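Protein chains in written order, with the UniProt record's numbering: chain D, 1 to 370; chain F, 1 to 370.
For glycine and all other residues, C-beta sits at the position ideal for the given N, C-alpha and C.
Only a predicted model underlies this, so the values are computations on that prediction, with no experimental measurement involved.
There are 2 protein chains.
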Amino acid sequence: MAALHEPLFRGHEWEYVKECIDTGWVSTAGKFVDRFETMLVDYTGISHASAVVNGTAALHVCLMLAGIRQNDEVICQPLTFAATCAAIAYCGGLPHFVDVSPTTLGLCPDALETRLNETAEIVDGVCQNRLTRRRIGAVVCMHTYGHAVELDRLAALCARWHLPLIEDAAESLGSFYQGRHTGHWGVLSAVSFNGNKIVTTGGGGAVLTNDPYLARQAKHLTTTAKLPHRWEFEHDRVGYNYRLPNLNAALGCAQLEQLPNYVAAKRTLAQRYAEAFRDVANVSFFTEPSGCCSNYWLNVILLDHPDRSARDAILTATNDAGLMTRPAWQLMHRLAPYALAPHGDLKVAESLYDRLINIPSSVTLGESHG
Amino acid sequence: MAALHEPLFRGHEWEYVKECIDTGWVSTAGKFVDRFETMLVDYTGISHASAVVNGTAALHVCLMLAGIRQNDEVICQPLTFAATCAAIAYCGGLPHFVDVSPTTLGLCPDALETRLNETAEIVDGVCQNRLTRRRIGAVVCMHTYGHAVELDRLAALCARWHLPLIEDAAESLGSFYQGRHTGHWGVLSAVSFNGNKIVTTGGGGAVLTNDPYLARQAKHLTTTAKLPHRWEFEHDRVGYNYRLPNLNAALGCAQLEQLPNYVAAKRTLAQRYAEAFRDVANVSFFTEPSGCCSNYWLNVILLDHPDRSARDAILTATNDAGLMTRPAWQLMHRLAPYALAPHGDLKVAESLYDRLINIPSSVTLGESHG
Ligand SMILES: Cc1ncc(COP(=O)(O)O)c(C=O)c1O
Ligand SMILES: Cc1ncc(COP(=O)(O)O)c(C=O)c1O
C-alpha cells in the first residue's frame, strides 16, 4: 500500500530518544523541549515557540489567547480538518464560515471582505455580526495541504476590522509566503507534528508567535499555570497540561534536522506529478499559488468539473489497487455540530469537495530514484 | 539530589520504543496502544481502558461523559492536584469542596453526607444545591498519594443522591481497596502516566470504566469523533485529539510489565520509613488506611500539630541537603480561580496542609540493599 504520507526516521531519532530513556528524562522536564522550540524558532524565523501535545491543543491555546469566549463567532474556512472548528468550540465559540479561494484552497480575501461588509460592523471598537448580534472574535485561516493563503491581504483586512488573525499552520511547516515562513502574519499560529505531517513527534504541536507577552502566556497556560516556587504548588488560573513530553520532543529534534531535505524531496515529487498529469484529460495537478513556496504536504489533483461519482470511481480504483487516495474532508458546515453556524456563499469549497483528490505524498516518493 | 519520584527504565522500554521508530508507527496507529489498553484491563480488572495524552485529559473525558455541563457544581476534595478542578472548569462546571478524611487524606464520606444534607435536595430526580440553585452533577474523589478513599461508603452515598462517582485515580495505579483495584467504584475513572507517577509513558493517561457504552463514547470522543469510513472524514460531534501516541504507549507497555515489582518495592520502602519514624517525636509516618493496599506513590510524614514554620524549616533543611521534599499542594479553595467556589467546613484539609510533607519515594529506594 502506498500511503498518503508516511513518516521517515533515519537521522538521529533513535539516538535522541534513547538518550531520554537512558537518562530518565522522558516527561515534563528535560532538554529536548527547549531544543525543539529553539529549532522551530530558527527554522521559521518566528521569535517564540511553545511545544504542546498536538496541533489541536496548539489551536485551542491560540484561540484562548486571542480572547475567544462563550458565544463569540470565529471566521474560518469550511474546507479544513475538523480540529480547526473543534478548537473554536472548546472556547465556547461558533465558527462562521467564509469561502475558500480556488487558487490557494484556503480562506479567500475577496469572500472575507464581501462577507464582512454584508454582516459585520464595528461597535465601540469591537467587530460584531449585525445579524446575530454576536461578537466576531477572530479570523482563522488554514494553509490547506501546505499551500499558503494570501496572508498579506487577509492580514490587512483583519487589521481594518479589528480582528486578530490566527494561522492554522498545522499542514504548512516548510511553506513560505513572500519569502517568510507561514505563521508570521498571524498574531498566533498553530503547527502540528502528528504522524501524518511532514515531520512528526508521534503526537505534537506548537504555538508560534512574535509577541513576547503572548509567548509567556502560552507557556504559562500550557504548563498548568503554576507559579514558580521552590516547593509550593500554586496556580493563578485554570491551566492546561498541554506541554509536549520530552520523549516526543527528542523525536522532533531529529525530525527538524531533516526538514529542509524533506521539503526538497516533496517539491521534487510535486514537480514530477505536475509533469505526469500535464496531458491527462479532465484532471489537473494543483500547483502552489503565486507568492507561496509550498511544502506540498499532500498533493492534490482536481477534476475539471464537479462530479462526485467520477471522484468516487477514482478513489475506489486507486485504493483497491493499493494506492492510498482520499477526498477533501467533509466540509465543516455540513457536519452536525456546526449545522447552525452562520456562513456566506460557499460555492468554491462545495465545488472543490466534488473535485479534489489527495494522492500519495510521502518524502521517499520524491527522493531520486533510477 | 534524591528526587521525590524518579522513573525507572530497565525492562523492554528500549526494545518497544525502537520498534515504533523502526516501523514508522509512532503516532495515531500502531499496536502498542491496543496492547497498553489490554494490559491495563488485565491489571486493574476494570473491563475497558482508553489510553489518552495525559491524566488531565482523562479526567476531562470522565466529566464530559458523566454529563457535566455549564454551571454544574462538582463535589471534590480541596486537597488534590489542580488538574482535578481544572477538568471541572473545562466543562464549564464549578468545584464544590468537601473536606478530606484524616485516615485516607481523600474525600471524607462523613463530610460528604453532612454537606449534602445541609445543601442538597433531589428535584425531579436531579441533585441540586438548595443555596446556589445550581445542579450538582457529580462527585470526584481522589486517592491521595496512592491511598484509597472509602469507596464503598462514597459509592453508596452517591447512589442515594443520584450522583455519578468519578475516581481521580491518577496517583493510585497499583492501589487496591477491599481487594479490587481503585477505579472500580467510579462510573468512570482517570489514571495518569506522567513522569512522576509509578509508571510513565512520558505523558499519558487512561479512562477506565466497566460500562461498555461509556467506553465506546470515550474512544469516539478522544479520537476526534470521526465516523468510520474508508476515506471520508466525517465527525458527528465536537471531538478531541486526546489519543495517546503509539510511541508513548510502547514505553507504557514496558512499564506496565514492571508495575507489580514497582509496587512491591514501594511498599518495602514505606515499611522501612514506618520503622525509621516509629520513635521520632512530633512526627508520624502516614500508613495505608484499613481496607486499602496502597502503592505508596508518594510517602508522607505528618507533624503531630499544625505548624507552618516547623514544616517550612524541615522543607528548607531537607531540600538544602539534597533530599527532595514537598508540602501538600496549595488547597484548591485557596487558589484564585476557585475563590468563589462553594465549600463546607475544610478544617481537616487545612490542618493537613500545615502538617504534611512528602519524602523521597522512588522505586529504587525500596529495592533491597546491603
Ligand atoms: C488543518 C489542521 N488543523 C489542525 C490539525 C490538528 O493537529 P493534531 O492532529 O496534531 O491535533 C490538523 C492535523 O491533524 C490539521 O490538518
Ligand atoms: C490527583 C491528580 N489528578 C490529575 C493529574 C493529572 O495527570 P497528568 O499530569 O497526567 O495530566 C495528576 C497528576 O499530575 C494528579 O496527581
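By the criterion of Cβ-Cβ separation under 7 Å, what are the contact partners of residue i in chain F?
{"i": "tryptophan 14 (chain D)", "result": "Lys18 and Ile21"}
Taking all protein chains shown into account, decide if residue i is buried (16 or more other Cβ within 10 angstroms of its Cβ) or exposed.
{"i": "alanine 276 (chain D)", "result": "exposed"}
{"i": "asparagine 358 (chain F)", "result": "buried"}
{"i": "glycine 370 (chain D)", "result": "Since pLDDT at glycine 370 (chain D) reaches only 43, below the 50 mark, its modelled position is unreliable, and the value read off the structure follows with that caveat. Exposed, because fewer than 16 other Cβ atoms sit within 10 Å of the Cβ of glycine 370 (chain D)."}
{"i": "valine 280 (chain D)", "result": "exposed"}
{"i": "histidine 5 (chain D)", "result": "buried"}
{"i": "valine 348 (chain D)", "result": "buried"}
{"i": "methionine 1 (chain F)", "result": "exposed"}
{"i": "glutamate 15 (chain D)", "result": "exposed"}
{"i": "threonine 222 (chain F)", "result": "buried"}
{"i": "glycine 322 (chain D)", "result": "exposed"}
{"i": "threonine 316 (chain F)", "result": "exposed"}
{"i": "proline 7 (chain F)", "result": "buried"}
{"i": "tyrosine 177 (chain D)", "result": "buried"}
{"i": "valine 17 (chain D)", "result": "buried"}
{"i": "threonine 84 (chain F)", "result": "buried"}
{"i": "threonine 80 (chain F)", "result": "buried"}
{"i": "threonine 23 (chain D)", "result": "exposed"}
{"i": "asparagine 129 (chain D)", "result": "buried"}
{"i": "asparagine 282 (chain F)", "result": "exposed"}
{"i": "tyrosine 240 (chain D)", "result": "buried"}
{"i": "aspartate 152 (chain D)", "result": "exposed"}
{"i": "glutamine 70 (chain F)", "result": "exposed"}
{"i": "tyrosine 213 (chain D)", "result": "exposed"}
Are the CB atoms of residue j and residue i within a distance shorter than 9 Å?
{"i": "threonine 26 (chain D)", "j": "phenylalanine 9 (chain F)", "result": "Note that residue 26 (chain D) is valine in the sequence shown, not threonine. In this structure, phenylalanine 9 (chain F) lies closer than 9 Å to valine 26 (chain D) by Cβ."}
{"i": "methionine 332 (chain D)", "j": "glutamine 77 (chain D)", "result": "yes"}
{"i": "proline 289 (chain F)", "j": "glutamate 150 (chain F)", "result": "yes"}
{"i": "histidine 48 (chain F)", "j": "threonine 104 (chain F)", "result": "no"}
{"i": "leucine 131 (chain F)", "j": "proline 342 (chain F)", "result": "yes"}
{"i": "residue 421 (chain D)", "j": "isoleucine 198 (chain D)", "result": "The structure shown does not extend to residue 421 (chain D), since chain D spans only 1 to 370, so no value can be given for it."}
{"i": "residue 378 (chain D)", "j": "alanine 66 (chain D)", "result": "With chain D covering only 1 through 370, there is no way to say anything about residue 378 (chain D)."}
{"i": "tyrosine 43 (chain D)", "j": "tyrosine 145 (chain D)", "result": "no"}
{"i": "alanine 190 (chain F)", "j": "aspartate 168 (chain F)", "result": "yes"}
{"i": "leucine 154 (chain F)", "j": "leucine 112 (chain F)", "result": "yes"}
{"i": "alanine 249 (chain F)", "j": "glycine 204 (chain F)", "result": "yes"}
{"i": "isoleucine 122 (chain D)", "j": "isoleucine 75 (chain D)", "result": "no"}
{"i": "proline 260 (chain D)", "j": "glycine 174 (chain D)", "result": "yes"}
{"i": "asparagine 196 (chain D)", "j": "threonine 28 (chain F)", "result": "yes"}
{"i": "alanine 270 (chain D)", "j": "asparagine 299 (chain D)", "result": "yes"}
{"i": "glutamate 218 (chain D)", "j": "threonine 209 (chain D)", "result": "According to the sequence provided, residue 218 (chain D) is alanine. The question's glutamate does not apply to it. Against a cut-off of 9 Å, the Cβ pair of threonine 209 (chain D) and alanine 218 (chain D) comes out as a contact."}
{"i": "asparagine 246 (chain F)", "j": "cysteine 20 (chain F)", "result": "yes"}
{"i": "glycine 11 (chain F)", "j": "glutamate 257 (chain F)", "result": "yes"}
{"i": "leucine 63 (chain F)", "j": "valine 126 (chain F)", "result": "no"}
{"i": "threonine 364 (chain D)", "j": "alanine 254 (chain D)", "result": "no"}
{"i": "alanine 215 (chain D)", "j": "glycine 55 (chain D)", "result": "no"}
{"i": "isoleucine 166 (chain F)", "j": "leucine 59 (chain F)", "result": "yes"}
{"i": "leucine 251 (chain D)", "j": "glycine 202 (chain D)", "result": "yes"}
Along chain D, in chain order, which residues have C-beta atoms closer than 9 Å to that of residue i?
{"i": "serine 361 (chain F)", "result": "Within chain D, no residue comes near serine 361 (chain F); the closest Cβ sits about 15 Å away, beyond 9 Å."}
{"i": "alanine 341 (chain F)", "result": "Chain D residues near alanine 341 (chain F): none, gap ~12 Å exceeds 9 Å."}
{"i": "residue 371 (chain F)", "result": "The first residue shown for chain F is 1 and the last is 370, placing residue 371 (chain F) beyond what the model contains."}
Can you name the residues of chain D whose CB is closer than 8 Å to the CB of residue i?
{"i": "proline 7 (chain F)", "result": "Gly24, Val26 and Ser27"}
{"i": "alanine 270 (chain F)", "result": "Those within 8 Å of alanine 270 (chain F) in chain D number zero; the least Cβ separation is about 22 Å."}
{"i": "arginine 69 (chain F)", "result": "Going along chain D, no residue has its Cβ under 8 Å from arginine 69 (chain F), so there is no contact; the nearest lies around 12 Å."}
If the cut is a Cβ gap below 9 Å, which residues of chain F does residue i touch?
{"i": "phenylalanine 233 (chain D)", "result": "Phe81, Ala82, Arg326, Pro327, Ala328, Trp329 and Gln330"}
Between residue i and ligand 4, is the CB less than 8 Å from at least one heavy atom?
{"i": "leucine 59 (chain F)", "result": "No copy of ligand 4 appears in this structure; the ligands present are ligand 1 and ligand 2."}
Taking Cβ-Cβ distances shorter than 8 Å, what residues in chain F pair up with residue i?
{"i": "arginine 237 (chain D)", "result": "Ala336 and Pro337"}
{"i": "threonine 200 (chain D)", "result": "Val26 and Ser27"}
{"i": "residue 380 (chain D)", "result": "Any answer about residue 380 (chain D) is impossible in this case: the structure gives chain D only from 1 up to 370."}
Give the residues of chain B in contact with residue i, contact being defined as C-beta atoms less than 9 Å apart.
{"i": "alanine 86 (chain D)", "result": "As a matter of chain content, chain B is missing from the structure shown, whose protein chains are D and F."}
Going along chain D in order, which residues have a C-beta closer than 7 Å to the C-beta of residue i?
{"i": "glycine 195 (chain F)", "result": "Val26, Ser27 and Thr28"}
{"i": "proline 228 (chain F)", "result": "In chain order: nothing, as chain D lies at least about 13 Å away."}
{"i": "glycine 146 (chain F)", "result": "Neighbours of glycine 146 (chain F) on chain D: none; closest Cβ ~17 Å, over 7 Å."}
Practice prompt. Would you check if the stretch 85–92 of chain D and the stretch 106–120 of chain D touch, i.e. whether three or more CB-CB distances between them fall below 8 Å?
Written response: no
Item to complete: Could you say if the stretch 344–355 of chain F and the stretch 300–311 of chain F meet the contact criterion of at least three C-beta pairs nearer than 8 Å?
Response: yes
Worksheet entry | At least 3 beta-carbon pairs within less than 8 Å: the stretch 171–183 of chain F vs the stretch 230–238 of chain F | Contact between the stretch 171–183 of chain F and the stretch 230–238 of chain F is absent: fewer than 3 CB-CB pairs across the two stretches fall below 8 Å.
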